[in-house]
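To start, the structure itself, in structure tokens.
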Amino acid sequence: MASEGIGRKEPLSAVQSVFARKLQSGSPPHAVIVEGPRGSGKRRFALWCAQALLCTSGGDKPCGVCDGCRRVLEGYHPDLHFFGEESTVTVADVRELIRQTGLVPIEGDRSVYLLSRAEKMLSSAQNALLKVFEEPPPGVTIFLLTESRRALLPTVRSRGLTVTMPGLTDEQLYAQLRLTHPRASETELASAVRVAQGSLGEAAAFLEKDAQEACERARDWLDACLSGDVYRLIGSIATGKANRDGLLPVFDVFLRLLSDLLLSRVGGTPVLLREGEAYSLSRRVTKNALARMCGQALVCRERLESNGNVTAALSCFASELCAIAGRTVSRDVL
Ligand SMILES: [Zn+2]
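Take the position in the sequence shown, starting the count at 1, then add 3; the result is the number in this note's numbering.
The structure is reproduced here in structure tokens:
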């Protein structure tokens, strides 16, 4: 369990203040939906709330130093329960949660439940949770952590207090990434900030080695497409790892790049590319050709995802892209 949480001496964020006020009023919420993208601090916030609920000091809560606060941070408080940390919460997990909420807390009069990755829960598991989420036994508070509130059933959504984690500003993200990724280039950092849209987790994932390789390869595909040189294009697609898992991220980035060029053609703001770069690249090809490339990339991505033959899918993809570039080649190009 990683040490997370916030000490008392740090100023409260806006979302913490909402919770602190409810706690001070003597009626802490019993069901809280914490929404925010990966890396936005959902878990950290929920743990801070758990500290506030399980703090044993007499003053402002959480004190951050009492036995209760400390054990929440260390992850072994007997009245703090985690679900969905390793795998998606199932109906069986929810039944176990309901059983536990019926028990008397071990130390005080409160118990706290943290359900992670709630957006992955099947409807059946969410339905099983409904009753206890709406009206848990006294002293029980349940936190549902989710990347998207919309992934929850409307009946679940309507029963909890929703707290939306604010994303970081571009400047905050950049400063954090500079510290955590000292070897990343300025271009990589700038791209990560643009792609992440406030989420530190997304930005960090973007800078991982595999993600960077996928970016380089997708860029190579794009440059080859725009060059109109079919041999370069075929060579580019044939080069590199050819396994399904390695290719899917390349297609994702390739689609993002194409979408940047399409956006630039209609006066929009690109996400992955710098504006000037997107503008000049997008002028090298027609809108129609860009849209057709997107279509072919989506078709190939779908074939790969549904376990189609990798070489056949890539061959077809390369052949279709060559056709868009105005050259006919065999469908068995690879
Ligand atoms: Zn405390």
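Every residue gets a Cβ at the ideal spot worked out from N, C-alpha and C, and that includes glycine. Bear in mind that the values here come from a model prediction, so they are computed numbers and not experimental data.
Cβ-based burial, residue i [other Cβ within 10 Å; buried from 16]
i	result
Tyr116	buried
Leu182	exposed
Leu317	buried
Gln129	buried
Ala315	exposed
Ala281	buried
Ala95	exposed
Gln27	exposed
Gly8	At Gly8 the pLDDT is 44, less than 50, meaning the model places this residue with poor confidence; the figure from the coordinates comes in the next sentence. Gly8 is buried by the Cβ-count criterion.
His68	In the sequence on display, residue 68 carries Val and not His. Exposed, because fewer than 16 other Cβ atoms sit within 10 Å of the Cβ of Val68.
As assigned by DSSP and simplified to three states, the class of residue i
i	result
Leu410	This structure does not reach residue 410, given that the chain is present from 4 up to 337, and the question cannot be answered.
Ser262	helix
Ser114	strand
Phe320	helix
Thr165	strand
Ile36	strand
Gly170	coil
Leu156	coil
Leu391	Summary: the structure shown does not reach residue 391, with the chain confined to residues 4 through 337, and so no result is reported for it.
Leu15	coil
Leu83	strand
Val92	coil
Ala245	coil
Leu76	helix
Asp213	helix
Pro31	coil
Met124	coil
Any non-hydrogen atom of ligand 1 within 7 angstroms of residue i CB
i	result
Gly67	yes
Ser60	yes
Gly71	yes
Lys64	yes
Residue i to residue j span [Cα, whole Å]
i	j	result
Pro81	Leu324	59 angstroms
Thr104	Pro139	7 angstroms
Arg162	Leu76	28 angstroms
Ala364	Pro108	The structure shown does not extend to residue 364, since the chain is modelled only from 4 to 337, so the question has no answer here.
Pro65	Cys52	8 angstroms
Thr93	Leu156	15 angstroms
Val135	Ala23	23 angstroms
His184	Glu174	15 angstroms
Thr158	Leu133	7 angstroms
Cys297	Asn291	10 angstroms
Ile145	Ala34	5 angstroms
Ala55	Leu106	21 angstroms
Leu236	Ala321	7 angstroms
Count the C-beta pairs between the segment 307–314 and the segment 219–231 that are closer than 8 angstroms, then say yes if the count reaches three, no if not.
Taking a cut-off of 8 angstroms for Cβ pairs, the segment 307–314 and the segment 219–231 do not touch, as fewer than three such pairs fall below it.
I'd like to know if the segment 220–228 and the segment 175–193 are in contact, where contact means that at least 3 CB-CB pairs between them fall below 8 angstroms.
With the cut-off at 8 angstroms, the segment 220–228 and the segment 175–193 do not touch.
Evaluate contact between the segment 203–219 and the segment 277–291, counting only Cβ atoms and requiring at least three cross-stretch pairs below 8 angstroms.
No, they do not touch.
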